[in-house]
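Asker: Take this structure first; my questions come after.
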Amino acid sequence: MIQLSEQQKQIFETNVEQITSKDVQNVLDNIDQELKNLQSIVEQKPSVKTEELIANSKLLAELIRCVDFPITESSRKWIVFALNYLISDIDLIPDSIPIIGYLDDALVVSWVKNLVDSDITRFAIFKKAKEVKHIIKQVLQGDGHTEVILIPGFLSNEFYADHYKEWIRSLTKSKLGKDKPGVSIFDWKTNYTPEFQNTILIVDHELKLKPKYNSEVFATEWEQLKRDFHSLSKVFFSDLQKIKKQQPDKKIIVIAINVGTFTIDNPHYSKKLSLIDDYYIFGGCSKPEYILGTMSKKIKNIYNFYNYQDAALQFIYDNFENMEKPIGLKAIYVGKTAKIKNISCGVQHRRHTTYKDLLTKLIDAV
Numbered sequence: 001m002i003q004l005s006e007q008q009k010q011i012f013e014t015n016v017e018q019i020t021s022k023d024v025q026n027v028l029d030n031i032d033q034e035l036k037n038l039q040s041i042v043e044q045k046p047s048v049k050t051e052e053l054i055a056n057s058k059l060l061a062e063l064i065r066c067v068d069f070p071i072t073e074s075s076r077k078w079i080v081f082a083l084n085y086l087i088s089d090i091d092l093i094p095d096s097i098p099i100i101g102y103l104d105d106a107l108v109v110s111w112v113k114n115l116v117d118s119d120i121t122r123f124a125i126f127k128k129a130k131e132v133k134h135i136i137k138q139v140l141q142g143d144g145h146t147e148v149i150l151i152p153g154f155l156s157n158e159f160y161a162d163h164y165k166e167w168i169r170s171l172t173k174s175k176l177g178k179d180k181p182g183v184s185i186f187d188w189k190t191n192y193t194p195e196f197q198n199t200i201l202i203v204d205h206e207l208k209l210k211p212k213y214n215s216e217v218f219a220t221e222w223e224q225l226k227r228d229f230h231s232l233s234k235v236f237f238s239d240l241q242k243i244k245k246q247q248p249d250k251k252i253i254v255i256a257i258n259v260g261t262f263t264i265d266n267p268h269y270s271k272k273l274s275l276i277d278d279y280y281i282f283g284g285c286s287k288p289e290y291i292l293g294t295m296s297k298k299i300k301n302i303y304n305f306y307n308y309q310d311a312a313l314q315f316i317y318d319n320f321e322n323m324e325k326p327i328g329l330k331a332i333y334v335g336k337t338a339k340i341k342n343i344s345c346g347v348q349h350r351r352h353t354t355y356k357d358l359l360t361k362l363i364d365a366v
């Protein structure tokens, strides 16, 4: 069985560092024809290995062609290297040799596919975010008059860890619980962003720890989170519309945390904002302009809970966002807009998870 030697891997690593835009264009221009050639070979002489090579190569090509999918530059270079190897006439085993000619290509492509496995996993979820059919899942049945929908954002790992029990308990203890509302969740796990999640856990620690992390991977996973929650607006508002169609008088309260606000402030669905009666924002990642200019005209009450010392948001926006501070780090200037209320969490709380811990107290503060 053919295998790559450590020396060959080191040579490949050196070659990857030398990948240029010309190599990228060469792959984009020629990979389809190469795959057609492979397909014709399989049709004439079926081969599991060749079929696997075609499938792996198609997946890698799709991944780098998707312009709105965030991927690290190092992963992109590895993919280009693998596909370029497939296209190239310079191989460990010449492609012209019958039966074994593509064994080395299959090996290299499979090896690179394993190297970028985390990107492939994220890509599958990225596509799922555009295709998912339902996102609002009821976990507590109420009296039918009010529904509270929780969007935990990148706190979803903690959210799912206790099966939402702590969150539901905090809600039912608050003044919102007096109306015996139903409780639904935004059913989307963010465990496909491990570098981001693990880094934020360290940053948000009460001991003010400094993380050791891969900034390129962190930035890529953060970018995907933003895009996924943005894409999920479509199914969220579709589900919301179905709820209101079944019970037109039902009061809808949405609680969005951090990146969850990107689902609500998608301009493509601005006409559906009126489906929401009350909107509670905790440590939001959005800009204030859309809330002031559009949301405040559609939603009856908006409550912005912020903390200018929020450790997690400060870390993200100081290092990875070239923009003004989000609403989770500052109050929204409301002027004469009475619909928007700003609530500070106070200087004694710097942890982003404070919003979960103090959910009852904060809700009752308005």
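According to our numbering, the sequence shown is numbered sequentially starting from 1.
Backbone N, C-alpha and C fix where the C-beta goes; we use that ideal spot for every residue, glycine too.
(1) So Ser57 packs on Val109, CB below 8 Å; how close in whole Å?
(2) In the DSSP assignment, what residue or residues form a beta bridge with Ser184?
(3) Tell me whether Asn37 is buried or exposed, calling it buried when 16 or more other Cβ atoms sit within 10 Å of its Cβ.
(4) Output needed for Pro326: all residues of its chain with C-beta closer than 7 Å, excluding positions within five of it in sequence on either side, in chain order.
(5) Exposed or buried, Arg351, counting other C-beta atoms within 10 Å across all chains shown (16 or more means buried)?
(6) Drop a sphere of 10 angstroms on the beta-carbon of Ser96, count the other beta-carbons inside from all chains shown, and report buried for 16 or more, exposed for fewer.
(7) Give me the residue from Leu83, Lys189, Pro46 with the minimum Cα distance to Phe62.
(8) According to DSSP, is Ile202 part of a helix, a strand, or is it coil?
(9) Do Tyr269 and Phe229 come within 8 Å of each other at the CB atom, strictly closer than that value?
(10) Does the CB of Met295 have a neighbour CB from chain B at under 8 Å?
(11) Tell me whether the beta-carbon of Ile151 lies closer than 8 Å to the beta-carbon of Phe186.
(12) When burial is assigned at 16 or more other CB atoms within 10 Å of the CB, is Arg122 buried or exposed?
(13) From the DSSP secondary-structure annotation, give me the bridge partner or partners of Asn342.
(14) In chain order, what residues of the same chain lie with their CB nearer than 7 Å to the CB of Tyr160, ignoring the 5 residues before and after it?
(15) Closest to Ala129 by CA distance: which of Phe320, Lys226, Asn258, Ser296 is it?
(16) In three-state terms, what does DSSP make of Val69?
(17) Who does Tyr279 pair with in a DSSP beta bridge?
(18) Per DSSP, what kind of secondary structure is Ser238 in: helix, strand or coil?
(19) Please name the residue in Asn304, Leu207, Phe154 whose C-alpha comes closest to that of Pro194.
(20) For the stretch 39-51 and the stretch 68-81, state whether three or more C-beta atom pairs, one from each stretch, are separated by less than 8 Å.
(21) Does the stretch 210-224 touch the stretch 239-253, meaning 3 or more C-beta pairs lie closer than 8 Å?
Answerer: To lay it out plainly:
(1) 6 Å
(2) Gln138, Ile149
(3) exposed
(4) Gly284, Cys285, Ser286, Lys287, Leu313, Tyr317
(5) buried
(6) Only weak support exists for where Ser96 lies, its pLDDT of 45 falling under 50; the value from the coordinates is given anyway. Classification of Ser96: exposed, given that the 10 Å Cβ count is below 16.
(7) Note on identity: in this sequence residue 62 is Glu, with Phe being the wrong assignment. Of Leu83, Lys189, Pro46, the residue nearest in Cα terms is Leu83.
(8) helix
(9) no
(10) Given the protein chain composition of this structure (a single chain), no chain B is represented.
(11) yes
(12) buried
(13) Asn304
(14) Lys189
(15) Lys226
(16) It should be noted that the sequence gives Phe, not Val, for residue 69. Here Phe69 sits in coil by DSSP.
(17) Val254, Ile302
(18) helix
(19) Phe154
(20) no
(21) no
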